[in-house]
Amino acid sequence: MIEFPHCKVNIGLDIVARRADGYHDIDTVMVPVHGLCDSLEIVPAPDGQGTMTFSGLVVDCPPEKNIVFKAWRLMHDACAIPPVRMHLHKTVPFGAGLGGGSSDGAFALRMLDRLFETHLSDRQLEALAAQLGSDVPFFLYDRPLRCTGRGEIMTPVEVPLQGLWIVIVKPPVNISTAEAYAQVRPARTEIELPVRLAEPMERWRTTVVNDFERSLADRFPQLAELKASLYAAGARYASLSGSGSALFGIFDGEPRYEAEADCTVWCGRL
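No gaps in the numbering here: position 146 of the sequence shown is 146 in UniProt numbering, and each next residue is one more.
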């Protein structure tokens, strides 16, 4: 069985409050981006010996610490599924705020559920996904969702993006989620995110913001420069995705965009 775990971008990201458990309450809309994806193959292990192999971008952790292997372990413990052979080809960059690892973990759960016909409900899969990471449950579904709490509370939301183009730019900087959250100052907003998103997209530039941009600006000035370059190229809206370091711009038509030589650029339809 082969699937293609896709990435996501965040349209707005409000960091609302610091929680007693050490996490943060957030309010964000996550949107799937299907064209930029990894490839994951899972098959039963005929000899009973499970394996985990990689290709593409270098995965700098042992197989047993990879989120895909952790997903198998959760399913093994919950449903007694047997060992499998898994191969992950990485294309979505690390430390980018695009959710590549979270997507791999969520897709692995869905694939294992189908492969071994465990018939877990969506709620059961969500509970397992939440053990892998706060935004992993989002990738169990294939639609824009408003994510609150730690990111695991999801509600459907309409975002007028169908048919538009997106450019994703990844500078040669990796930002860990813990590093990004260490610098933020949580604050509640007067107008909730869905209300701001209901306004014309041209207003999003000032009303739909990613709070990480402010906290990362001094340490990573290139982020602001890249965002400005997306607007200069004609983006209707541009933002940091998640905790970065990737930025994206939304365009009406196929854009002509060239970033600095040290950046990776991907372009496609939403």
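Backbone N, C-alpha and C fix where the C-beta goes; we use that ideal spot for every residue, glycine too.
- Message: On the DSSP letters alone, give me the boundaries of the alpha helix (DSSP H) that Asp104 sits inside.
- Response: Per DSSP, Asp104 is one residue of the alpha helix (DSSP H) stretching across Gly100 to Leu115.
- Query: Nearest to Tyr141 by alpha carbon, out of Met30, Asp25 and Gly268?
  - Reply: Taking the Cα of Tyr141 as reference, the smallest distance to any Cα among Met30, Asp25 and Gly268 is reached at Met30.
- Using 10 angstroms around the beta-carbon of Tyr231, count the other beta-carbons present and answer buried if the total reaches 16, otherwise exposed. Here Tyr231 is exposed. Its C-beta has fewer than 16 other C-beta atoms within 10 Å.
- Flag this pair as yes or no: are the beta carbons of Asn210 and Leu13 separated by less than 8 Å? The answer is yes: Cβ separation under 8 Å.
- Task: Measuring alpha carbon to alpha carbon, tell me which of His87, Pro83, Leu132 and Lys90 ends up nearest Ile67.
- Result: That would be Leu132, whose Cα lies nearest to the Cα of Ile67.
- For Gly50 versus Pro83, is the C-beta spacing smaller than 8 Å? Yes, the Cβ-Cβ distance between Gly50 and Pro83 is below 8 Å.
- Grouping DSSP H, G and I as helix and E and B as strand, with all else coil, what is Phe94? The DSSP-derived three-state label of Phe94 is coil.
- With a cut-off of 8 Å, do at least 3 Cβ pairs link the stretch 121 to 140 to the stretch 155 to 174? No, because fewer than three Cβ pairs between the stretch 121 to 140 and the stretch 155 to 174 fall closer than 8 Å, the two stretches do not touch.
- Message: Give me the DSSP bridge partner(s) of Cys267.
- Response: Bridge pairing for Cys267: Val167 [DSSP].
- Item | Arg18 - containing beta strand (DSSP E), residue span | Secondary structure note for Arg18: its beta strand (DSSP E) is the uninterrupted segment His6 to Arg18.
- Task: Kindly identify the DSSP beta-bridge partner or partners of Ala238.
- Result: Beta-bridge pairing links Ala238 to Gly249.
- Can you name the residues that DSSP bridges to Asp25? DSSP, once it has assigned bridges, lists Ala17 as partnering Asp25.
- Query: With a Cβ-Cβ cutoff of 8 Å, do Leu109 and Leu88 count as a contact?
  - Reply: Going by beta carbons, Leu109 and Leu88 fall outside the 8 Å limit.
- Could you pull out every residue in the same chain whose Cβ sits closer than 6 Å to the Cβ of Cys263, ignoring the five residues on either side in sequence? Same-chain partners within the cutoff: Val169 and Pro171.
- 7 Å Cβ shell around Arg19 - same chain, five flanking residues per side excluded: These residues qualify, in order along the chain: Asp25.
- Does the count of Cβ pairs from the stretch 146 to 157 and the stretch 193 to 206 closer than 8 Å reach three? In the pairwise beta carbon analysis, the stretch 146 to 157 is classified as touching the stretch 193 to 206: at least three pairs are separated by under 8 Å.
- With 16 other Cβ atoms within 10 Å as the buried cut-off, status of Asp122: Its Cβ having fewer than 16 others within 10 Å, Asp122 is exposed.
- Taking the beta strand (DSSP E) that Met52 falls in, what are its first and last residues? Here the beta strand (DSSP E) through Met52 covers Thr51 to Gly56.
- Item | Identity of the residue in Ser239, Ser241 and Gly268 nearest Gly253 by Cα | Of all alpha-carbon atoms in Ser239, Ser241 and Gly268, the one lying nearest the alpha-carbon of Gly253 is that of Gly268.
- Message: Within the continuous alpha helix (DSSP H) that includes residue 278, where are the two ends?
- Response: Nothing in the structure corresponds to residue 278, since the chain is present only between 1 and 270.
- Determine the contact status of Ala233 and Ala224, defining contact as a CB-CB distance below 8 Å. Here Ala233 is not near Ala224, since their CB atoms are 8 Å or more apart.
- Query: Shortest alpha-carbon distance to Phe54 belongs to which of Phe69, Ala45 and Val208?
  - Reply: Of the listed residues, the one whose Cα sits closest to Phe54 is Phe69.
- Quickly, what does DSSP pair Ile153 with across the bridge? List them, please. DSSP, once it has assigned bridges, lists Thr148 as partnering Ile153.
- Item | Leu161 versus Ser39, Tyr23 and Phe251, residue with shortest Cα-Cα distance | Ranking the options by Cα distance to Leu161, first place goes to Phe251.
- Message: For Pro93 and Gly100, which I take to be in contact (beta-carbon distance under 8 Å), what is that distance rounded to the nearest angstrom?
- Response: Between Pro93 and Gly100 the beta-carbon gap is near 7 Å, inside 8 Å, which marks them as a contact.
- If you run the structure through DSSP and keep just helix, strand and coil, what is Leu197? Three-state result, Leu197: helix.
- Selected residue, minimal CA-CA separation from Leu58, among Arg146, Asp38 and Gly48: At residue 58 the sequence reads Val, which differs from the Leu that was named. It is Asp38 whose Cα lies nearest to the Cα of Val58.
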